[in-house]
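Asks: Here it is, the structure in full.
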Amino acid sequence: MSEKRQEIDWEQLTAAATAALAQSYSPYSQFAVGAAALTTDGRLITGANIENASYGLTLCAECSLVSELFRTGGGKLAAFACVDGEGRALMPCGRCRQLLYEHSAPGMLLKSSSGVLTIEEMLPDAFGPDRLAG
Ligand code: THU
Numbered sequence: 011m012s013e014k015r016q017e018i019d020w021e022q023l024t025a026a027a028t029a030a031l032a033q034s035y036s037p038y039s040q041f042a043v044g045a046a047a048l049t050t051d052g053r054l055i056t057g058a059n060i061e062n063a064s065y066g067l068t069l070c071a072e073c074s075l076v077s078e079l080f081r082t083g084g085g086k087l088a089a090f091a092c093v094d095g096e097g098r099a100l101m102p103c104g105r106c107r108q109l110l111y112e113h114s115a116p117g118m119l120l121k122s123s124s125g126v127l128t129i130e131e132m133l134p135d136a137f138g139p140d141r142l143a144g
């Protein structure tokens, strides 16, 4: 485990993700999700899942977190945590792994159910914006 992995205050980040559960709108699944991240310039941002009667249009907690990233100044994610209604670490769904990859700094750290991973470990050999260049 690198030094950087230990610098993140995971307890604080998990607490922020747990607090964000209160903003979840999940009447259909009854499965609230809260997310929190630190940006590379030190902001703490959060998100919660927002569902829709047309189930497939549900916005995961990662979606509202990325919206907040841009609403509060943009930049890149440095560390990320996501929790279920009981405050347990939750792995991002496949679509959200791609979403997080797009907005992460290289080496972004993520608290998974099996420990801290980098974004590259979570989405190996990712398709990303570089592949579209030139
Ligand atoms: N959900 C998230 O918010 N993030 C994930 O990465 C996994 C799933 C939400 C979507 C839906 O509102 C509920 O969890 C049940 O799938």
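Counting from 1, position 116 in the sequence shown corresponds to residue 126 in this note's numbering; the numbering is continuous, with no gaps. The beta-carbon is built from N, C-alpha and C at its ideal position, and this holds for glycine as well.
When DSSP labels each residue in this structure, what does Tyr35 get in the three-state scheme?
Replies: It is a strand residue.
Asks: Nearest CA to the CA of Gly104: which residue from Gly85, Phe137 and Val126?
Replies: For Gly104, the nearest C-alpha among the options comes from Phe137.
Asks: So, helix, strand or coil for Ser114, using DSSP?
Replies: Reduced to three states, the DSSP call for Ser114 is strand.
Asks: Using the Cα positions of Ala26 and Ser39, report the straight-line distance between them to the nearest angstrom.
Replies: Spanning the two alpha carbons is a distance of roughly 22 Å.
Asks: Three-state secondary structure (DSSP) at Thr56?
Replies: Of the three classes helix, strand and coil, the one that applies to Thr56 here is strand, per DSSP.
Asks: Check each candidate in Cys106, Leu110 and Ala99 and name the one with the smallest Cα separation from Ser123.
Replies: For Ser123, the nearest C-alpha among the options comes from Ala99.
Asks: Helix, strand or coil for Cys70 per DSSP?
Replies: Reduced to three states, the DSSP call for Cys70 is coil.
Asks: Should Tyr65 be labelled buried (16 or more other beta-carbon atoms within 10 Å of its own) or exposed?
Replies: So Tyr65 ends up on the exposed side.
Asks: Any heavy atom of the ligand THU closer than 7 Å to the beta-carbon of Ser122?
Replies: No.
Asks: I need the boundaries of the alpha helix (DSSP H) containing Thr187, first residue and last residue.
Replies: Within the shown structure, residues of the chain are numbered from 11 to 144, placing residue 187 beyond reach of any answer.
Asks: Assess, as a yes-or-no matter, whether the segment 32-49 is touched by the segment 69-88 under the definition of 3 or more beta carbon pairs within less than 8 Å.
Replies: The segment 69-88 is in contact with the segment 32-49.
Asks: Compare the Cα-Cα distances from Leu133 to each of Asp51, Leu23, Ala143 and Gly117 and report the closest residue.
Replies: Out of Asp51, Leu23, Ala143 and Gly117, Gly117 has the C-alpha closest to the C-alpha of Leu133.
Asks: Under 8 Å between the Cβ atoms of Ala32 and Thr56?
Replies: No, they are not a contact pair.
Asks: Looking at the ligand THU, does it come within less than 7 Å of Val93, judged from the CB to the closest heavy atom?
Replies: Val93 Cβ: outside cutoff for every heavy atom of the ligand THU.
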